[in-house]
């Protein structure tokens, strides 16, 4: 077995411990990746806190790095290549979902980057808050030269999570898109929708976001809690990307969806109440996005490279991971924390 250093949560708190963890020896189709930068996702907080039933884990599922070794059958990657890895690191490869590039919906269950079960040996996956990751070559992606490693890391989760519903809804010139919540997912939703040619509005719960929203590409900002503003927006949007990471009332958002419009729930993974009449009045659609498959992930990276899109990030040394998680919980970040894992090369007591 290979070993590396990572940050592990063992007690359901954000006080992660620096520990030595095992990685598998390279299989024929594996890459060993030195993790250089890993984004901090709100779902990391959800899982550390036990919201999804997790125990001890090394979080992190959106990272960029450098290939340091390849398996005997690997031909598409070489040592020294810049790569990106997202939230899915394996799937059955043969079900209908896998055959169309939607491995995130694999009928056998996708293997997630952390907290998943390896299909070969049954071990539990540990994530990218670590200095090395071993991954199947088909779930690694060449990082285009024009994309900064740190700022590109959040594309692998936050980016593709908003990209799939944008593409599925056929968003382009003439489309009207609203983004509820201007955080890690939301700010990328604004950037991507605007670059696709849509008219973008930010739906915010707090004042003071208009300036940032405009800089990101939005043409308008509405306050979700203002009944007059939401009433004026009734039936206005073809697609609403709901990136709010906590339970909330969906009715005001559904009322703002156009005839046959779609509300995509992206930020909160558990049960929420839905008033069915809000769907009936206008044939509204309620959907969600579970990260992204290989097809859309590769497409997203190409699009971002062509249009110079990356996340707005605050980079911290990984030793400050607790600060990043605690501030994320308070909403004190614009717009994505990214951990620099190079400090894991240093002795723990340095």
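Residue numbers (this note's numbering): 322 to 671. Note that CB positions come from ideal geometry on N, CA and C, so glycine has one too.
Which residue marks the beginning of the beta strand (DSSP E) containing residue i, and which one marks its end?
{"i": "residue 463", "result": "461–463"}
{"i": "residue 413", "result": "Element bounds for residue 413: n/a, residue is neither H nor E."}
{"i": "residue 501", "result": "497–501"}
{"i": "residue 521", "result": "520–525"}
Below 8 Å on the Cβ atoms is my guess for residue i versus residue j; work out the distance and round it to an integer in Å.
{"i": "residue 481", "j": "residue 621", "result": "5 Å"}
{"i": "residue 608", "j": "residue 486", "result": "7 Å"}
{"i": "residue 327", "j": "residue 379", "result": "4 Å"}
{"i": "residue 666", "j": "residue 452", "result": "7 Å"}
{"i": "residue 612", "j": "residue 335", "result": "23 Å between Cβ atoms; not a contact."}
{"i": "residue 633", "j": "residue 508", "result": "6 Å"}
{"i": "residue 366", "j": "residue 650", "result": "6 Å"}
{"i": "residue 344", "j": "residue 455", "result": "5 Å"}
{"i": "residue 359", "j": "residue 449", "result": "4 Å"}
{"i": "residue 678", "j": "residue 492", "result": "Past the boundaries of the shown model lies residue 678; the chain is included only from 322 to 671, so the question cannot be answered."}
{"i": "residue 605", "j": "residue 582", "result": "6 Å"}
{"i": "residue 410", "j": "residue 386", "result": "Actually they do not touch by this definition, with Cβ atoms about 13 Å apart."}
{"i": "residue 546", "j": "residue 603", "result": "With 8 Å as the limit, residue 546 and residue 603 do not qualify as a contact, their Cβ atoms being about 22 Å apart."}
{"i": "residue 623", "j": "residue 640", "result": "Contact doesn't hold; Cβ gap of about 34 Å is too wide."}
{"i": "residue 511", "j": "residue 543", "result": "The pair is not a contact, with the Cβ atoms about 13 Å apart (cut-off 8 Å)."}
{"i": "residue 310", "j": "residue 585", "result": "Since the first residue of the chain shown is 322 and the last is 671, residue 310 is not available in this structure."}
{"i": "residue 638", "j": "residue 661", "result": "5 Å"}
{"i": "residue 473", "j": "residue 498", "result": "That belief does not hold up - the Cβ atoms of residue 473 and residue 498 are roughly 23 Å apart, past 8 Å."}
{"i": "residue 383", "j": "residue 479", "result": "7 Å"}
{"i": "residue 352", "j": "residue 388", "result": "5 Å"}
{"i": "residue 468", "j": "residue 625", "result": "6 Å"}
What does DSSP give as the partner residues of residue i in its beta bridges?
{"i": "residue 637", "result": "660"}
{"i": "residue 395", "result": "None; residue 395 has no bridge partner."}
{"i": "residue 405", "result": "385 and 462"}
{"i": "residue 390", "result": "353"}
{"i": "residue 378", "result": "330"}
{"i": "residue 541", "result": "522"}
{"i": "residue 420", "result": "Looking at the DSSP assignment, residue 420 forms no beta bridge with any residue, so it has no partner."}
{"i": "residue 654", "result": "The partner list for residue 654 (beta bridge, DSSP) is empty, contrary to what the question assumes."}
{"i": "residue 438", "result": "445"}
{"i": "residue 324", "result": "343"}
{"i": "residue 335", "result": "Answer by DSSP bridge pairing: none, since residue 335 is not bridged."}
{"i": "residue 432", "result": "411"}
If you follow the alpha helix (DSSP H) that residue i is in, where does it begin and where does it stop?
{"i": "residue 505", "result": "505–516"}
{"i": "residue 650", "result": "642–651"}
{"i": "residue 532", "result": "531–537"}
(request) Mind listing, in chain order, the continuous beta strand (DSSP E) runs of no fewer than 3 residues lying wholly within the segment 543–617? (result) 558–563, 578–586 and 606–609, all fully within the segment 543–617.
(request) Decide yes or no for the touch test of the segment 439–447 against the segment 385–394: beta carbon pairs closer than 8 Å, at least 3 of them. (result) Judged by pairs of C-beta atoms under 8 Å, the segment 439–447 does not touch the segment 385–394, as fewer than three such pairs exist.
(request) Could you tell me which uninterrupted alpha helix (DSSP H) segments, each at least 4 residues in length, are contained entirely in the segment 440–492, listed from first to last along the chain? (result) 470–473 and 479–489, all fully within the segment 440–492.
(message) List, from N- to C-terminal side, the alpha helix (DSSP H) runs of 4 residues or more that fit wholly inside the segment 340–370.
(response) 363–369, all fully within the segment 340–370.
(request) Determine contact between the segment 586–599 and the segment 454–465, defined as no fewer than three beta-carbon pairs at a distance below 8 Å. (result) Cβ pair count under 8 Å is below three, so no.
(request) Would you check if there are 3 or more beta carbon pairs closer than 8 Å linking the segment 492–502 to the segment 626–645? (result) By the criterion of at least three beta-carbon pairs nearer than 8 Å, the segment 492–502 is not in contact with the segment 626–645.
(request) Give a yes or no on contact between the segment 555–565 and the segment 486–496, applying the rule of three or more CB pairs nearer than 8 Å. (result) Under the three-pair Cβ rule at 8 Å, the segment 555–565 counts as touching the segment 486–496.
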